[in-house]
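**Q**
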Amino acid sequence: MSTAVARRSSLPGFGLTMGLTLTWLSVIILIPLAGLFLKTFELSPAQFWEILTSRRTLNALKISFGLSFAAACVNLVMGTIIVWALVRYRFPGRRLFDAIVDIPFALPTAVAGVALTQLFATKGWLGAPLAELGIKVAFTPIGIFIAMVFIGIPFVVRTVQPVLIDLDPEIEEAAASLGANRWHTVFRVILPSLIPALLTGFALAFARAVGEYGSVIFIAGNLPNVSEIAPLLIVIRLSEFRYADATAIAVIMLLASFLIILVVNRLQRWAQARIPVH
Amino acid sequence: MPTQSSFVTPATPMRAYASTADLAISPPSHREASDRARAVASPKDLRTEPAPVRFVIIALAVTFLTVFVVLPLVVVFASAFSKGISAYFSALAEPEALSAIRLTLLVAAISVALNLVFGVIAAWAIAKFEFRGKTFLITLIDLPFSVSPVISGLVFVLLFGAQGYWGTWLQANNIHILFAVPGITLATIFVTFPFVARSLIPLMQEQGTQEEEAAISLGASGLQTFFRVTLPNIKWGLLYGVLLCNARAMGEFGAVSVVSGHIRGETNTMPLLVEILYNEYQFVASFAIASLLAMLALITLVVKTVLEQRLDEGQTPRDDPRDH
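Taken in sequence, the protein lines are chains A and U.
So for the first sequence, this note's numbering puts the first residue at 1; every next one is plus one.
So for the second sequence, this note's numbering puts the first residue at 279; every next one is plus one.
In structure tokens form, the structure reads like this:
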């Protein structure tokens, strides 16, 4: 990129600002991340494989990815319902609920973590009635799932909201005037045009849940092989000074998130291509 | 006819009236405006569901948001004040609490200031010039959003830790980065890296380069052009980025937890102290600190909404969920 040439060069400062940007980016992001990958090369492929396929690592990855997927599915469905209510209907407190959607973004994760634990503990406001029904949420995998649903909901809502607002009303009116009933119009006309946005929201919620640490660890119980998420296992390995183990798990998670970025970029290109010319 | 009813909204005229009245009172945001225009424009609303369906969808949305989002927030304040107001304030006056607040403010101030300067510089290079690899560069700037906070901390442990690349050298020269303020600050800068640049780039791209080119051709220097022409144009966007950057910097937990070492009264930030006190069953104290962070989040949201309205008046960057 250092060979990049500014084509529109009537403004000053390209060389200087680009140089500073690349330097700062390298110092803060690129060199530290490269260090992580270099560290894994100190391991032989056999050692790397052994760490990843150990029972505890496999279970942690399974818990993280599996529950994140389940939570992202719930976010997809509930996010769509919330977006629909916020965009299409008028009801008292609509603006307030619209603003509330951002709280999981804004609330520090540790605060969310202790609050959810307090809420769902067996003596908590929601935990007590659930315990009477025989459902234990806090300190079980269900707790992890709940925390992941909490953290992921804004991603689906905020990705789909602008698309639903900008949706051309004429398409719906055309469908309706051609005799489609409302059910058909919604499921055959509106929802299909939201698919790229829905999938983007799903992918972002999934990615966030996989890497999430603060809001999960309090409510999780953190029992190895049962309710121990991958990010927590990294922290545990670090505290045991088993850097190689921590690094190997981190690299796999990092590769997974790169893959998700790639998918999201593709989805957004797809969405762009589908926007009709006005 | 039952099928016909789904095409007719009983309350259409009232809704249209309510919308226009609303319009007159408060300045609408961009998206709301187009929304309303549509509601008013279509005389026979073909675009809604039967009343029972609408009711169920609204009820589901409101219930879900109340249970999953509002209740946790209420629990924070209820638990913080569960032993009364004096217990709350004495928990906040503990030396440990005060030192955590000081450290959080210090780390946030340094990280926000550095990310502010470099975010503006990066946005200038990316938004005002054309070059190959621009999309890739933006992806790199966005990277910290998709990296797990724990990994954001881990990378610095691998560089500066006792077993890390530069650990031995640092130890020999008695330089403390890990388990000290520099490490906490570095991890915070890493996780908040994209905020300022990402809120400025779309805004500056939209504004183009004409005004700056005019200033330059009239003999202004580069810096004069930036401070007199560009900065006034981007001030709300810049404030928006700084606001989100600051909220994340003060609230960051995972990354900071890995590099802090949890030395009491020295390297505990507010979120870390929330964890420690909670694990020691000091619930009032833990939630008292948590309530300060929750208030920060609420203030951030309110200011964010105001800034979004300001930005909408002059066409804005779309709210990108990954910016959070």
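Note that the Cβ used here is the ideal one computed from N, Cα and C, for glycine as well.
Taking buried to mean at least 16 other C-beta atoms within 10 Å of its own C-beta, is A:Lys62 buried or exposed?
**A** As a first step, residue 62 of chain A must be located in the first sequence, where it is residue number 62. Classification for A:Lys62: exposed.
**Q** Taking only runs of the alpha helix (DSSP H) that begin and end inside the stretch 26 to 59 of chain A, which ones reach a length of at least 4 residues, in chain order?
**A** 31 to 40, 45 to 52
**Q** Need the endpoints of the alpha helix (DSSP H) that U:Gln488 sits in, please.
**A** Numbered from 1 along the second sequence, position 210 holds the residue referred to as residue 488 of chain U. U:Gln488: member of the alpha helix (DSSP H) spanning 488 to 495, first to last residue.
**Q** Which term fits U:Thr446, buried or exposed, when burial requires 16 or more other beta carbons within 10 angstroms of its beta carbon?
**A** As a first step, residue 446 of chain U must be located in the second sequence, where it is residue number 168. It is exposed - the Cβ of U:Thr446 has fewer than 16 other Cβ atoms within 10 Å.
**Q** Could you have a look at U:Thr446 and say whether DSSP puts it in helix, strand or coil?
**A** By one-based count along the second sequence, residue 446 of chain U stands at place 168. U:Thr446 falls in the helix class under three-state DSSP.
**Q** Answer yes or no: does any C-beta atom of chain A fall closer than 8 Å to that of U:Gly529?
**A** Taking the first residue of the second sequence as position 1, residue 529 of chain U is located at position 251. Chain A contact via Cβ: present.
**Q** Is A:Trp84 close to chain U, meaning its C-beta is less than 8 Å from at least one C-beta of that chain?
**A** Against the first sequence, residue 84 of chain A aligns to sequence position 84. Taking Cβ atoms only, chain U reaches closer than 8 Å to A:Trp84, which makes this a yes.
**Q** Going by beta-carbon coordinates alone, are U:Leu351 and A:Ala115 separated by less than 8 Å?
**A** Residue mapping note: residue 351 of chain U aligns to position 73 of the second sequence, counting from 1. Residue mapping note: residue 115 of chain A aligns to position 115 of the first sequence, counting from 1. Taking 8 Å as the Cβ cut-off, U:Leu351 and A:Ala115 qualify as a contacting pair.
**Q** Who are the near neighbours of A:Val163 in its chain, counting only those whose CB is closer than 7 Å to its CB and skipping five residues on each side?
**A** Residue mapping note: residue 163 of chain A aligns to position 163 of the first sequence, counting from 1. If we look at A:Val163 and ignore the five residues flanking it on each side, its Cβ neighbours are Leu194, Ala197.
**Q** Specify the secondary structure class of A:Leu198 as computed by DSSP and reduced to three states.
**A** Taking the first sequence and counting its residues from 1, the one referred to as residue 198 of chain A is at position 198. The three-state secondary structure of A:Leu198, taken from DSSP, is helix.
**Q** In this structure, how does DSSP classify U:Tyr518 when only helix, strand and coil are distinguished?
**A** The sequence position of residue 518 of chain U within the second sequence is 240, counting from 1. In this structure, U:Tyr518 counts as helix in the three-state DSSP scheme.
**Q** Which of the three DSSP states, helix, strand or coil, is assigned to U:Val318?
**A** Mapped onto the second sequence, residue 318 of chain U falls at position 40. Caution is warranted here: a pLDDT of 45 is assigned to U:Val318, below 50, making its placement in the model unreliable, and the coordinate value is therefore given only provisionally. DSSP places U:Val318 in helix when its eight states are reduced to three.
**Q** Considering just the uninterrupted stretch of the alpha helix (DSSP H) at U:Gly397, what are its terminal residues?
**A** Walking along the second sequence from the start, residue 397 of chain U turns up at place 119. Unbroken alpha helix (DSSP H) run through U:Gly397: 373 to 406.
**Q** Contact criterion: CB-CB distance below 8 Å. Does A:Lys62 meet it with respect to chain U?
**A** Stepping through the first sequence from its first residue, residue 62 of chain A is reached at position 62. No, A:Lys62 does not count as interfacial toward chain U.
**Q** Say whether chain U places a C-beta atom closer than 8 Å to the C-beta of A:Thr122.
**A** Locating residue 122 of chain A in the first sequence gives position 122, where the first residue counts as 1. Not an interface residue.
**Q** Beta-carbon of U:Tyr559 versus every beta-carbon of chain A: anything under 8 Å?
**A** Position 281 of the second sequence holds residue 559 of chain U. Judged by the 8 Å Cβ criterion, U:Tyr559 is not in contact with chain A.
**Q** Go ahead and label U:Pro422 buried or exposed: buried means 16 or more other beta carbons lie within 10 angstroms of its beta carbon, across all protein chains shown.
**A** For the purposes of this step, residue 422 of chain U is identified with residue 144 of the second sequence, where counting begins at 1. Buried.
**Q** Looking only at its chain, what residues have a beta carbon closer than 6 Å to the beta carbon of A:Trp270, apart from the 5 residues adjacent to it on each side?
**A** Within the first sequence, residue 270 of chain A is the residue found at index 270, counting from 1. If we look at A:Trp270 and ignore the five residues flanking it on each side, its Cβ neighbours are Pro196.
**Q** Taking the C-alpha atoms as reference points, what is the distance between A:Pro154 and A:Ala106?
**A** Your numbering for residue 154 of chain A matches position 154 in the first sequence. Your numbering for residue 106 of chain A matches position 106 in the first sequence. Distance between the alpha carbons of A:Pro154 and A:Ala106 is about 10 Å.
**Q** Output, in chain order, the set of chain A residues within a Cβ distance shorter than 9 Å of U:Glu553.
**A** Walking along the second sequence from the start, residue 553 of chain U turns up at place 275. Chain A residues near U:Glu553: Ala110, Gly113, Val114, Gly214, Ile217, Phe218.
**Q** For U:Ala356, which of A:Thr53, A:Gln118, A:Tyr243 has the nearest alpha-carbon?
**A** Your numbering for residue 356 of chain U matches position 78 in the second sequence. Looking at the Cα atoms, A:Gln118 is the closest of the given residues.
**Q** What residue range is occupied by the uninterrupted alpha helix (DSSP H) comprising U:Arg538?
**A** Stepping through the second sequence from its first residue, residue 538 of chain U is reached at position 260. The question names Arg, but residue 538 of chain U is Ser in the sequence shown. Unbroken alpha helix (DSSP H) run through U:Ser538: 532 to 538.
**Q** Counting only Cβ pairs nearer than 8 Å, list the residues of chain U close to A:Ala125.
**A** Here residue 125 of chain A refers to the residue found at position 125 of the first sequence. Contrary to the premise, residue 125 of chain A reads as Trp rather than Ala in this sequence. Chain U residues near A:Trp125: Leu349, Val353.
**Q** Quick check: what's the CA-CA separation for A:Ile234 versus U:Ala405?
**A** Taking the first sequence and counting its residues from 1, one reaches residue 234 of chain A at position 234. Taking the second sequence and counting its residues from 1, one reaches residue 405 of chain U at position 127. Distance between the alpha carbons of A:Ile234 and U:Ala405: 38 Å.
**Q** Does the beta carbon of A:Val189 come closer than 8 Å to any beta carbon on chain U?
**A** Here residue 189 of chain A corresponds to residue number 189 of the first sequence, with the count starting at 1. False, the Cβ-Cβ gap to chain U never drops below 8 Å.
**Q** Consider the Cβ of A:Gln47: report whether some Cβ of chain U lies at a distance smaller than 8 Å.
**A** Residue mapping note: residue 47 of chain A aligns to position 47 of the first sequence, counting from 1. No, no contact with chain U.
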